[in-house]
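See structure below.
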Amino acid sequence: MDFRLAWRGLKTRYRDQVHELRAIREALRAGGVALDVGSNKGSYMYSMARWSRGAPVVAFEPQRKLADYLRGACQRSGFSHVTIENLALSDQSGELQLYVPGDSDSPGASLEAGIAGKTPCHTETVQVTTLDAYVATRLKQPVRVIKIDVEGHELAVVRGALETIRRDRPLLVIECESRHLPKGQSVREFLSFVESLGYAASLAVPGASEIPAAQFRSELHQKQVGERFWDAKDYYNNFIFRPTGTAA
Numbered sequence: 002m003d004f005r006l007a008w009r010g011l012k013t014r015y016r017d018q019v020h021e022l023r024a025i026r027e028a029l030r031a032g033g034v035a036l037d038v039g040s041n042k043g044s045y046m047y048s049m050a051r052w053s054r055g056a057p058v059v060a061f062e063p064q065r066k067l068a069d070y071l072r073g074a075c076q077r078s079g080f081s082h083v084t085i086e087n088l089a090l091s092d093q094s095g096e097l098q099l100y101v102p103g104d105s106d107s108p109g110a111s112l113e114a115g116i117a118g119k120t121p122c123h124t125e126t127v128q129v130t131t132l133d134a135y136v137a138t139r140l141k142q143p144v145r146v147i148k149i150d151v152e153g154h155e156l157a158v159v160r161g162a163l164e165t166i167r168r169d170r171p172l173l174v175i176e177c178e179s180r181h182l183p184k185g186q187s188v189r190e191f192l193s194f195v196e197s198l199g200y201a202a203s204l205a206v207p208g209a210s211e212i213p214a215a216q217f218r219s220e221l222h223q224k225q226v227g228e229r230f231w232d233a234k235d236y237y238n239n240f241i242f243r244p245t246g247t248a249a
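Just so it is clear: in the sequence shown, position 231 is 232 by this note's numbering, and no numbers are missing.
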């Protein structure tokens with residue numbers, strides 16, 4: 002067992018993202034394929050690996066150093082059904098620049114160039130594909146869960162996954178923040194787009210409960226006041242999307 006991975010996974014499940022992990026566990030109650038898009042250090046992947054009942058779990062992490070760490074952590078943990086892909090997901094295939102804050106790996110890495118105007122970054126050229134293209138060529142079972150944490154690139158990832166979403170109707174857990182979105186996009190518009198695919202959206206509120214996404218207000222739930230405002234106790238950025246009937 003990789004104890005750092007286990008500690009990180011348990012902290013995420015029991016403290017940091019309780020509602021999100023509860024929803025994922027329910028979606029995987031009979032097992033099934035789970036995709037972790039923007040895995041970073043595997044805090045979601047750990048629980049996915051434990052709950053998929055041997056079905057494939059795929060973690061996408063474009064930062065090579067982190068992808069290498071995840072491969073080693075999975076080997077040490079006996080997660081032979083987990084595949085680590087050193088790839089970014091988008092609505093296109095090829096190569097793109099990944100903007101990484103600082104001079105090492107970072108949880109804030111993004112394909113959105115706007116991040117470089119807010120904080121010093123270095124760039125890495127990364128391989129990019131769509132979720133639909135990957136699923137079509139690499140997976141045979143229905144996808145039950147997709148978690149997305151891509152620092153402002155959420156809409157592009159979802160657009161590249163429309164075929165899978167409409168066919169398999171997976172649970173979606175997506176981080177979305179006003180501060181990361183490209184100019185001209187808003188959290189509200191993103192929520193409306195995913196809901197139009199036949200999903201009911203809720204906002205995960207740590208220490209309380211989920212609330213309907215219709216009640217979300219950027220100026221209330223993602224206030225940009227003070228230094229490191231994103232660490233404030235009343236700052237919320239994770240949305241849970243549950244399928245409702247057939248896809249639109």
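Glycine is no exception: its CB is placed at the ideal position from the N, C-alpha and C atoms.
- Message: To test your reading of the DSSP string, which unbroken alpha helix (DSSP H) runs of 4 or more residues are found completely within the region 124 to 187?
- Response: 132 to 139, 155 to 160, 163 to 169
- Message: Could you tell me the alpha carbon to alpha carbon distance between T219 and S48, rounded to whole angstroms?
- Response: The residue you asked about is not Thr; residue 219 is Ser in the sequence shown. C-alpha separation (whole angstroms): 30 Å.
- Item | Beta carbon of V129 nearer than 7 Å to that of A68 | no
- Query: Nearest-angstrom Cα distance between L304 and G246?
  - Reply: As displayed, the chain neither begins before 2 nor continues past 249, which places residue 304 out of reach and without an answer.
- Item | Element boundaries [alpha helix (DSSP H), containing L11] | 4 to 12
- Meets three-Cβ-pair contact criterion under 8 Å: the region 131 to 141 and the region 196 to 216: no
- Query: Could you give the residue range of the alpha helix (DSSP H) that holds R77?
  - Reply: 65 to 78
- Task: Give the DSSP-derived three-state secondary structure of V226 in the structure shown.
- Result: coil
- Contact under 7 Å by Cβ, S53 with L29: yes
- Task: Report the three-state DSSP secondary structure of Y237 (helix, strand or coil).
- Result: coil
- Task: Could you tell me the distance, in whole angstroms, from the CA atom of R145 to the CA atom of G73?
- Result: 25 Å
- Item | Residues of its chain near L182, where Cβ-Cβ distance is below 6 Å and the 5 sequence neighbours each way are ignored | G153
- Within the chosen definition, does the region 169 to 183 reach the region 17 to 28 through at least 3 CB pairs nearer than 8 Å? yes
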